Each structure stands twice: as C-alpha cells, then as structure tokens.
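Participant: Per UniProt numbering, the very first residue in the sequence shown carries number 1; after that it's consecutive.
Glycine included, every Cβ here is placed at the ideal spot set by N, Cα and C.
In this text, all values refer to a predicted model and were calculated from it rather than measured experimentally.
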Amino acid sequence: MTDLAERRGMETNVYQPAEDSHLLAEVAAGDIDESDLVLEVGTGSGYVSEFVKNETNARVLGSDVNPHACSNARERGVEAVRADLVSPFRDAVFDAVLFNPPYLPTDPDEERDDWMERALSGGESGREVIDPFLDSVGRVLAPDGRVYLLVSSLSGVEEVVSRASENGFSAVALRDESFPFETLSILKLIR
Ligand SMILES: C[S@@+](CC[C@H](N)C(=O)[O-])C[C@H]1O[C@@H](n2cnc3c(N)ncnc32)[C@H](O)[C@@H]1O
Numbered sequence: 001m002t003d004l005a006e007r008r009g010m011e012t013n014v015y016q017p018a019e020d021s022h023l024l025a026e027v028a029a030g031d032i033d034e035s036d037l038v039l040e041v042g043t044g045s046g047y048v049s050e051f052v053k054n055e056t057n058a059r060v061l062g063s064d065v066n067p068h069a070c071s072n073a074r075e076r077g078v079e080a081v082r083a084d085l086v087s088p089f090r091d092a093v094f095d096a097v098l099f100n101p102p103y104l105p106t107d108p109d110e111e112r113d114d115w116m117e118r119a120l121s122g123g124e125s126g127r128e129v130i131d132p133f134l135d136s137v138g139r140v141l142a143p144d145g146r147v148y149l150l151v152s153s154l155s156g157v158e159e160v161v162s163r164a165s166e167n168g169f170s171a172v173a174l175r176d177e178s179f180p181f182e183t184l185s186i187l188k189l190i191r
C-alpha cells in the first residue's frame, strides 16, 4: 500500500490486489491444507481467497463489509457474504482466519466517506479495525484454529501483538517484507 495518494484517487469501489494481498495469499497458502475450513475477512476483490483455494483445495469463505467487494469476489468464484468482521459466523468453526485489514493511520479531518477509505483507513491509530477484529476472532476459531494477519510497521506491530496477547493469542511473524515506507509482516496467531 505504498502509493497511497494514487490509490485514494482510484476510480474503484473495491481494493485491487497489491503487494500486501500477494504476501498474505502466499504465506497463508503455504500453511493451510485441504482439510481446513478457512475464512478470509475483508476479502475485497476475492484474490487472496481464490489463490488460497486454488493452491490448497481448502474450502475458503470470504466476507466483506463492502457489497461491491462481495460481488467482485463472487465473480471470482469465492463464496462471499456481506459482514462486519466475524459477526454472522457460528462459534468455533474455522480452522484458519485470514485478514489484510485497513491499517493506514488517518487524520480524522481527512477521513473520507467512501469504500476505498473503508479499505485503507485504520483510523487515527491505524488499528481501529484491527483491534475489534482481535477482540472477536477467537470466538469463531476451532480449538486449534489460527489467524494469519497482515500488519504494517505504520500501524505498530508491537501494539498489535500486545492486543492479540490480551485476547489469549501468541504471535509469530512468518514473513517480513520491507518497502520504501513500511515493513509488512504476516503474523500467525495461535492460542
Ligand atoms: C486492504 S483491503 C484488502 C482486500 C483484500 N483482502 C486484499 O488483500 O486484496 C481491506 C478490506 O477489508 C474490508 N473491510 C474494512 N472494514 C471491514 C469490516 N469491519 N468487516 C469486514 N470487512 C471490512 C474492506 O472493505 C476491504 O475490502
């Protein structure tokens, strides 16, 4: 998500796959197997879900708060439902939950009211979507379930790890990749 200004100006309602999407897709696919039931929160275009499904043969559901994203993902063959985080899903069902969240710290005075902003903005701290995700994802995880969460140095990796820990998770970074303005990491969270 390095070319922010450009992305904000894009004439689209749906976040298009970028370096963060590729990183999450590749790392998660390498750690998921056929028997896993997988949820991708914030599926956007459906790219990550489709990639993981094709690479692993696992069943992958996608959810997104943005109805245009759900339509895009369905066009790719992803089973997508409109949802806020994990709210409509049953307890203890998913073996793996993936999320490439909106994480850019954003000045409240500059916050816009459109779908690209919902895809990019993590509010003032950069963690305003990540925190409620960490507080709620444990409910839908199967007993040995795990979370693959993309985090950026821009939104504070230590703070994310600490919030995960308050929710009973330990975190390990499976991959870090540096870009000119940020480092992206994939955290695997387990209980
Ligand atoms: C950075 S984009 C990632 C899209 C896609 N997963 C990818 O990696 O290319 C974040 C996505 O999260 C969605 N989103 C934001 N807030 C959400 C929420 N509360 N519940 C579900 N999805 C949300 C956005 O609509 C957007 O599609």
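(1) Tell me which residues share the same chain as SER21 and place their Cβ nearer than 7 Å to its Cβ, disregarding the 5 neighbours each side in the sequence.
(2) Report yes if the CB atom of LEU187 is closer than 9 Å to the CB atom of VAL172, and no otherwise.
(3) Please classify ASP131 as buried or exposed, where buried requires at least 16 other C-beta atoms within 10 Å of its C-beta.
(4) Take the Cβ of PHE179 as the centre, count every other Cβ of all protein chains shown within 10 Å, and call the residue buried at 16 or more, exposed below.
(5) To which residues does DSSP link ILE190 through a beta bridge?
(6) When DSSP labels each residue in this structure, what does SER152 get in the three-state scheme?
(7) For GLY168 and GLY138, I'd like the C-alpha separation in whole angstroms.
(8) With distances taken between CB atoms, is the gap from GLU40 to LEU61 smaller than 9 Å?
(9) For VAL140, which residues of its own chain have a beta-carbon under 8 Å away from its beta-carbon, when the five flanking residues on both sides are left out?
Facilitator: The answer reads as follows:
(1) Your numbering for residue 21 matches position 21 in the sequence shown. Closer than 7 Å at Cβ, skipping near neighbours: TYR47, VAL48, ASN100.
(2) Here the question's residue 187 lines up with position 187 in the sequence shown. Here the question's residue 172 lines up with position 172 in the sequence shown. Yes. Within cutoff.
(3) On the sequence shown, position 131 is the one that residue 131 refers to. Buried, since its Cβ has 16 or more Cβ neighbours within 10 Å.
(4) Walking along the sequence shown from the start, residue 179 turns up at place 179. Counting the other CB atoms within 10 Å of its CB gives PHE179 a total below 16, which places it among the exposed residues.
(5) If you number the sequence shown from 1, residue 190 lands on position 190. Residue pairing from DSSP places ILE190 in a beta bridge opposite SER170.
(6) Start at 1 with the first residue of the sequence shown, and residue 152 comes out as number 152. Strand, per DSSP.
(7) Within the sequence shown, the letter at position 168 stands for residue 168. Within the sequence shown, the letter at position 138 stands for residue 138. C-alpha separation (whole angstroms): 8 Å.
(8) Your numbering for residue 40 matches position 40 in the sequence shown. Your numbering for residue 61 matches position 61 in the sequence shown. Result yes, Cβ atoms of GLU40 and LEU61 sit closer than 9 Å.
(9) Taking the sequence shown and counting its residues from 1, one reaches residue 140 at position 140. Its chain contains LEU39, VAL86, PHE89, ARG90, ASP91, ALA92, VAL93, PHE94, VAL97 as the residues whose beta carbon lies nearer than 8 Å to that of VAL140, once the 5 sequence neighbours on both sides are disregarded; these appear in chain order.
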